[in-house]
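There are 2 protein chains.
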Amino acid sequence: MGEGTLDRITVRRLAIPLTVPYRLAFGAVERFDTLVVECAARDGRAGLGEATVLTGYTDETIEDSWRAACEIAGELAGLDAPAAQHRIALQLPQRPFTATAFGTALEMLEQSAALEIARETAVPILGVVNASGVEAMSRAIEDLLAAGYRTLKVKVGSALAKDIAHVGTVQRLLRGRARVRIDANQGFSAADGIAFVRALDPAGVELFEQPCAAADWDAHLAVARSSNVPMMLDESIYGLADIERAAELQAARYVKLKLMKLGTLGALAQALERIRALGMTPVLGNGVACDLGCWMEACVAARHIDNAGEMNGFLKARAQLLEEPLEVREAAIRLRPGFAPRLALDRLEPYTIATHHESSRRYRVRRA
Amino acid sequence: MGEGTLDRITVRRLAIPLTVPYRLAFGAVERFDTLVVECAARDGRAGLGEATVLTGYTDETIEDSWRAACEIAGELAGLDAPAAQHRIALQLPQRPFTATAFGTALEMLEQSAALEIARETAVPILGVVNASGVEAMSRAIEDLLAAGYRTLKVKVGSALAKDIAHVGTVQRLLRGRARVRIDANQGFSAADGIAFVRALDPAGVELFEQPCAAADWDAHLAVARSSNVPMMLDESIYGLADIERAAELQAARYVKLKLMKLGTLGALAQALERIRALGMTPVLGNGVACDLGCWMEACVAARHIDNAGEMNGFLKARAQLLEEPLEVREAAIRLRPGFAPRLALDRLEPYTIATHHESSRRYRVRRA
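Residue numbers (this note's numbering), protein chains in the order written: chain F, 182 to 549; chain H, 182 to 549.
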């Protein structure tokens with residue numbers, strides 16, 4: 182076994198409560214169900230990767246992901262990083278989030294250039310209007326504006342009439358002081374999606390995201406044809422084939438990616454550039470991820486994205502994974518050279534549900 | 182959740198090399214592939230249980246057992262011990278060894294009377310003649326006799342003519358100074374088994390164990406009918422139904438059990454007594470188990486067995502699981518009151534391949 186052999190692989194299963202429940206079309210998220218992968222090679226190099234499972238957004242469940250991650254850890258111990266990366270790629274189609282935790286940990290271990298930050302860089306992020314009721318919404322919006330946010334996200338997709346009124350209220354309260362991204366998270370039928378865009382005042386609306394079910398491209402196209410605001414696809418998009426399809430069908434001006442859909446930082450950067458090459462605009466960021474995943478996405482956004490990032494999940498969590506906080510100032514993540522992510526194990530202890538550790542010893546014994 | 186809730190469950194996967202390879206009909210064992218289960222309740226009670234997987238003896242493989250044990254640990258966290266015991270029982274038919282690690286850990290946690298030792302008790306064990314070549318065999322036999330062993334085990338079942346000669350050599354070297362148990366570990370066809378017993382000098386032979394495949398009762402009966410020494414069944418016997426069948430068919434005078442086949446100390450004691458009630462003689466003990474499993478079997482043997490125990494696996498291992506050594510003097514395990522098994526974690530570190538830990542926190546979070 183060489184010095185690059187993966188000597189220790191640890192997977193931790195965490196349940197991290199949110200400061201307030203995060204309302205999505207398919208239900209409220211009360212906590213992040215997060216797997217953190219830690220890989221260490223014999224030569225001392227190490228890497229971390231995150232998967233925060235969001236059942237409803239993908240088919241992955243935390244129980245299945247945890248079970249699979251434990252097995253994968255056992256398969257990778259004793260391989261070198263390239264061989265491990267190859268093994269992980271086989272898991273990507275079935276379990277993209279889980280595979281990403283391993284794939285990115287291996288990239289970090291291999292000191293991927295994607296995570297290198299030469300000078301302090303501001304990565305603007307959007308704010309989420311998570312409140313309901315005019316008074317609470319007004320307070321939330323003024324707070325976000327005061328904090329420097331110039332792009333706000335509004336969630337719809339649960340009840341048509343209420344959603345129309347809700348967006349109208351946001352627009353009235355905003356008075357054009359920030360762009361609005363409207364996200365239905367697949368919550369609308371084609372008919373409701375069409376009714377929604379017909380009722381929508383386009384003033385200040387940057388885009389309307391994923392009205393219909395991920396696999397129902399016809400429904401999406403029907404809504405897109407009726408829409409007077411630009412469309413974005415999110416849940417419908419996983420790999421390059423989906424991106425090509427979106428361009429071919431002229432289904433959207435924007436395509437949103439998340440690191441956890443792509444498996445690796447390298448694949449993410451490639452996909453973002455492909456979106457641009459096809460004449461669309463890439464949007465990046467995971468609103469349901471901890472600081473580790475958001476930091477990685479911010480590093481990629483710094484090179485490949487020119488609009489507000491959606492990697493703000495860590496701001497919703499009651500605890501951070503990393504010792505060193507991810508700094509946010511003036512509605513932007515501040516990336517600094519030399520940022521060295523280390524798990525805050527003591528702080529995470531109360532949120533740690535399970536731990537799985539594999540070493541490469543089995544191979545040493547076998548070959549002895 | 183009550184005070185009896187299982188709060189922490191840890192499974193460790195160990196690979197413990199043997200001092201010398203252990204030769205069995207289906208191959209040489211180079212190391213013990215061992216799972217150790219540790220359960221702890223909120224009230225501080227804790228228990229340990231062992232499964233040392235021996236593929237070939239059962240269908241269980243260490244990879245499958247490890248995977249299953251990780252899943253089971255997750256299912257048990259947050260239950261109380263009786264509910265957990267019920268859940269484990271469902272795993273017994275498919276994975277008896279793995280289930281036993283959990284079942285016995287729960288019994289120890291519940292302070293099972295089966296593990297209580299009121300006064301120092303000697304549990305005689307047998308010695309294994311593992312050498313080949315007359316000189317080495319002679320030395321091994323004299324050493325065993327000098328150490329007090331009065332029952333010796335000889336392994337056959339790999340090559341008929343060699344086996345016949347081997348047993349003859351043992352008998353010649355022994356000159357009646359100890360009983361001989363001959364074990365074929367399913368290695369013979371019916372024809373070879375018959376040829377073997379016809380060639381066998383019955384002098385000093387206590388019994389002949391499991392000549393043929395576990396499921397091939399006809400082959401066993403054919404050998405038994407030709408045999409002039411008492412027969413024992415081992416691999417053919419799992420539960421009570423097999424014991425009844427052995428009695429009904431008059432297939433054996435001896436029936437051998439191992440804790441890891443039965444799932445719990447309670448079920449083991451019950452099965453041993455059933456063997457006796459049916460007019461047969463129970464034999465107990467696992468030659469492929471560490472000190473933890475052997476200690477539990479010795480506790481049961483102290484109450485239920487009147488011949489040499491086979492729980493000598495721990496004497497073959499290069500490392501012991503427990504802090505406090507299991508004392509052997511004059512060819513007997515010396516059970517002492519107040520023996521408190523604790524894992525020797527530091528000493529086991531080099532042999533620990535993987536660790537899986539589950540807490541009941543997930544339930545606390547869910548119900549919050």
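Positions of the beta carbon are idealized from the N, C-alpha and C atoms, including for glycine.
No experiment lies behind these values; they were computed from the predicted model shown.
{"query": "Locate the alpha helix (DSSP H) running through L290(H), then write down its first and last residues.", "result": "277-290"}
{"query": "In chain F, what lies closer than 7 Å to T536(H) by C-beta?", "result": "H538"}
{"query": "When Cβ atoms are compared, which residues of the region 255-288 of chain H fall closer than 7 Å to chain F?", "result": "G255"}
{"query": "Is the CB of T533(H) under 9 Å away from at least one CB in chain F?", "result": "yes"}
{"query": "Which bits of chain H does R542(F) rub up against, with CB to CB less than 9 Å?", "result": "A196, P531, Y532, T533, I534, A535"}
{"query": "Given that R248(F) touches chain A, what residues does it touch there, using C-beta distances under 7 Å?", "result": "This model lacks chain A altogether; the protein chains it does include are F and H."}
{"query": "Is it the case that the region 437-444 of chain H contacts the region 270-285 of chain H, given that we only count it when at least three CB pairs across the two stretches are under 8 Å?", "result": "yes"}
{"query": "Going by DSSP, what residue range makes up the alpha helix (DSSP H) through P263(F)?", "result": "262-270"}
{"query": "Do you know offhand how far R455(H)'s Cα is from K439(H)'s?", "result": "15 Å"}
{"query": "Tell me which same chain residues have a C-beta within less than 6 Å of the C-beta of V309(H), skipping the five on either side of it?", "result": "K334"}
{"query": "Please classify M477(F): does DSSP put it in a helix, a strand, or coil?", "result": "helix"}
{"query": "Residues in its own chain within less than 8 Å of V481(H) by CB, not counting five upstream and five downstream?", "result": "A295, L440, L446, L449, A450, L453, L465"}
{"query": "List the whole-angstrom C-beta distance separating R434(H) from P411(H), where the pair is believed to meet the contact cut-off of C-beta under 8 Å.", "result": "4 Å"}
{"query": "Go through its chain and collect everything with a Cβ distance to Q266(F)'s Cβ below 6 Å, but skip five positions before and after it.", "result": "L287"}
{"query": "Could you check whether the Cβ of E244(F) sits closer than 9 Å to any Cβ belonging to chain H?", "result": "yes"}
{"query": "Which runs of the alpha helix (DSSP H) at least 4 residues long sit entirely within the region 212-265 of chain H? Give them in chain order.", "result": "243-257"}
{"query": "Tell me whether E530(F) sits in a helix, a strand or coil according to DSSP, three-state version.", "result": "helix"}
{"query": "Anyone know if the C-beta pair for K336(F) and R204(F) falls short of 9 Å?", "result": "yes"}
{"query": "Tell me whether the beta-carbon of Q352(H) lies closer than 9 Å to the beta-carbon of E416(H).", "result": "no"}
{"query": "In whole angstroms, give me the CA-to-CA distance for V315(F) and I322(F).", "result": "10 Å"}
{"query": "For E301(F) and L187(F), what's the separation of their Cα atoms in angstroms?", "result": "32 Å"}
{"query": "So, for R548(H): in the same chain, excluding its five sequence neighbours on each side, which residues have a beta-carbon less than 6 Å away from its beta-carbon?", "result": "Only weak support exists for where R548(H) lies, its pLDDT of 38 falling under 50; the value from the coordinates is given anyway. Contacts found: none."}
{"query": "Taking the C-alpha atoms as reference points, what is the distance between A428(F) and A400(F)?", "result": "16 Å"}
{"query": "Please name the residue or residues paired with H401(H) in a DSSP beta bridge.", "result": "Answer is none; H401(H) lacks a bridge partner."}
{"query": "Report buried or exposed for S313(H), applying the criterion of at least 16 other Cβ atoms within 10 angstroms of its Cβ.", "result": "exposed"}
{"query": "Excluding five sequence neighbours on each side, which residues of the same chain lie with their C-beta closer than 7 Å to the C-beta of L290(H)?", "result": "C220, A222, R226, A227, G228, A262"}
{"query": "Quick one: residues in its chain with C-beta nearer than 7 Å to the C-beta of R379(H), no 5 flanking neighbours on either side, listed in chain order?", "result": "S407"}
{"query": "Short of 7 Å in beta carbon distance, which residues of its chain neighbour A280(F), apart from the five on each side in sequence? Order them along the chain.", "result": "I269, Q272, L273, G444"}
{"query": "How many Å lie between I418(F) and Y238(H) at the Cα?", "result": "50 Å"}
{"query": "Mapping the DSSP letters down to three states, classify E387(H) as helix, strand or coil.", "result": "strand"}
{"query": "Which same chain residues, not among the five before or five after A535(H), have their C-beta less than 8 Å away from its C-beta?", "result": "R193, R194, W247"}
{"query": "Does Q501(H) pass the burial test, meaning 16 or more other C-beta atoms within 10 Å, or should it be called exposed?", "result": "buried"}
{"query": "Report the partner residues of L333(F) according to the DSSP bridge assignment.", "result": "G308(F), V361(F)"}
{"query": "Pick helix, strand or coil for D423(F), following the three-state DSSP scheme.", "result": "helix"}
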